[in-house]
Amino acid sequence: MHVKILFILFFGLTFFSLPAQTNDDLQKEIEGLKNQLSNMRHSFDRINKSVDDIMWYNKVGDVAFIDKVELTGPPPAKIKNPTGQGAKNPLRFKAYVFIPKNIDSGKKYPLLVLPHGGVHSNFNTFYSHIIRELMAQQYIVVAAEYRGSTGYGKGFYEKIDYGGLEVQDVKASRDYMLENYDLIDKDRVGIFGWSHGGLISLMNIFDYPEAYKVAYAGVPVSDLIARMGYKTQRYRDLYSADHHIGKSAYQDVEEYRRRSPAWQAHKLKDVPLLIHTNTNDGDVNVFEVEHLIKSLKAADKKFEYEIYKDIPGGHAFDRIDTKFAKEVRLKVYRFLGKELKPERPFKNLREMERVSYGF
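Residue numbers (our numbering): 21 to 379.
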């Protein structure tokens with residue numbers, strides 16, 4: 021009992037002898053810890069990206085020449101010190117280039133521009149089976165790690181401009197390829213992507229219709245205004261952060277409208293477009309894509325679409341490795357192939373599956 025009393029007295033006196041911390045002091049400590057955790061997360065992302073770069077060679081190096089190039093897009097949307105040296109320089113970013121190993125250097129080949137999905141993500145080996153399928157058909161592919169992509173540090177992560185300048189980054193990757201690779205037929209360039217990559221694909225053909233012959237948008241983010249309504253507060257906070265749009269949809273609904281394909285559908289011109297969505301998508305609610313489809317119809321635009329009903333895989337229903345997913349991708353390849361005319365289009369699903377299996 022005496023030991024317990026002494027123990028209580030000792031620690032009680034020690035506690036009361038500590039300097040009192042104000043709320044401001046505690047808040048500073050909390051913010052410091054948050055910054056440390058944030059920096060650690062970005063450090064881990066860099067490591068993951070380095071591993072992923074190696075894995076690309078492991079996954080598709082037998083069928084593709086792989087390069088990772090560095091190019092530039094527009095200056096950042098927000099600059100902390102706009103009068104500082106080099107503040108308004110174009111933003112540097114990376115892009116993957118995949119070229120089939122069995123091509124004829126004397127011929128010209130179609131280019132596919134493939135922007136990755138995710139508010140903050142990157143072009144990772146989840147797409148490796150798709151790259152294998154594209155190499156087999158003899159497409160050249162460029163995949164931009166546009167501003168906001170993960171794996172390149174906190175500064176690059178916070179350059180994101182969702183539905184804004186990363187659209188131009190992807191267009192810059194397309195232009196880079198035409199300027200630097202004589203193998204590419206400038207009249208056979210297409211763009212396709214899923215989710216946020218679908219949004220970027222749509223905005224590219226809306227803003228630069230002369231640059232593309234065909235486009236595919238899979239489960240595309242289509243209406244940011246509606247999206248802010250059905251997503252969580254944490255998700256909404258990503259967009260209203262100072263380094264992002266900087267305002268909520270409530271504060272600037274027109275800015276969210278400007279970045280939403282469903283509200284820009286009137287800009288579609290003569291680029292053949294295919295849209296797919298899935299009713300059980302847990303990320304992009306089907307009504308977003310339905311709004312896009314209705315907007316295109318209301319503007320009397322020519323396009324194709326299909327609304328799939330509760331297909332396993334949800335948001336990734338046509339990117340996974342099920343037979344149904346491959347059947348849908350075969351539809352996509354045939355749609356793209358009508359305009360881009362690759363050297364070796366798949367004749368049937370069996371031929372495509374052989375590529376997936378690696379023989």
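We treat Cβ as the ideally placed atom computed from N, Cα and C, and that holds for glycine.
Distance, Cα to Cα, residue i vs residue j?
i    : j    : result
I225 : Y232 : 7 angstroms
K289 : R354 : 21 angstroms
F307 : K329 : 13 angstroms
Y259 : Q105 : 28 angstroms
E326 : A84  : 32 angstroms
F212 : P102 : 35 angstroms
P130 : W76  : 22 angstroms
D87  : R278 : 34 angstroms
D227 : S221 : 10 angstroms
G210 : K179 : 26 angstroms
V291 : L46  : 57 angstroms
Y236 : E153 : 16 angstroms
L26  : E51  : For L26, the predicted model reports a pLDDT of 45, less than 50, meaning its position is unreliable; a value from the coordinates is still stated below. Roughly 37 angstroms between the two C-alpha positions.
I151 : R374 : 14 angstroms
G93  : P110 : 6 angstroms
D272 : G184 : 15 angstroms
E230 : S125 : 26 angstroms
V348 : E49  : 52 angstroms
D44  : K69  : 37 angstroms
Y159 : Q253 : 41 angstroms
Y255 : L53  : 22 angstroms
L293 : K322 : 8 angstroms
Y201 : F337 : 34 angstroms
K79  : P120 : 14 angstroms
Y147 : K367 : 22 angstroms
D257 : V352 : 35 angstroms
For the beta strand (DSSP E) that residue i lies in, which residues bound it at each end?
i    : result
H296 : 293-298
L132 : 129-133
I340 : Unbroken run through I340: none, as it is neither H nor E.
A164 : 160-165
I327 : 324-328
Helix, strand or coil: how does DSSP classify residue i here?
i    : result
V352 : helix
F146 : helix
I204 : strand
G106 : coil
K88  : strand
P120 : strand
G138 : coil
Y232 : coil
L38  : Any reading at L38 must be qualified, since the residue scores a pLDDT of 48, below 50, and its modelled position is unreliable; the value itself is stated next. DSSP places L38 in coil when its eight states are reduced to three.
G210 : strand
G93  : strand
K321 : coil
Between residue i and the rest of its own chain, which residues show a CB-CB distance below 6 angstroms, the 5 nearest in sequence each way excluded?
i    : result
A269 : I245, M248, Y276
V162 : A115, V117, V133, S193, M197
A282 : S242, D243, H311, L312, S315
G334 : N300, D301, G302
G357 : P365
F344 : none
K251 : none
I295 : A237, Y325
Which first and last residues belong to the alpha helix (DSSP H) in which residue i is found?
i    : result
R364 : From DSSP, R364 is part of no alpha helix (DSSP H); its letter is neither H nor E.
I225 : 216-227
G385 : The chain is shown only over 21 to 379; residue 385 falls outside these bounds and no answer can be derived.
G266 : Unbroken run through G266: none, as it is neither H nor E.
Y250 : 244-250
E274 : 273-278
V309 : 306-318
Apply the 10 Å Cβ neighbour rule to residue i and answer buried if 16 or more other Cβ atoms are within range, or exposed otherwise.
i    : result
K191 : buried
N59  : exposed
I67  : exposed
V71  : exposed
R61  : exposed
F143 : buried
A261 : exposed
G173 : exposed
K99  : The sequence shown places Ile at residue 99, not Lys. Exposed.
I74  : exposed
G175 : exposed
H216 : buried
Using 7 angstroms as the cut-off, classify the Cβ of residue i as near or not near the heavy atoms of the ligand COA, replying yes or no.
i    : result
H335 : This structure lacks the ligand COA, and indeed carries no ligand of any kind.
Under 8 angstroms Cβ to Cβ from residue i, same chain only, skipping five residues before and after it: list those, please.
i    : result
R208 : K128, Y129, P130, L131, K233, E359, L360, K361
Give every residue of the same chain whose Cβ lies closer than 7 angstroms to the Cβ of residue i, excluding the five residues on either side of it in the sequence, and list them in chain order.
i    : result
A318 : none
Y177 : H62, H140, G168, T170
K267 : S260, E275
E90  : R112, K114
D205 : K128, Y129, P130
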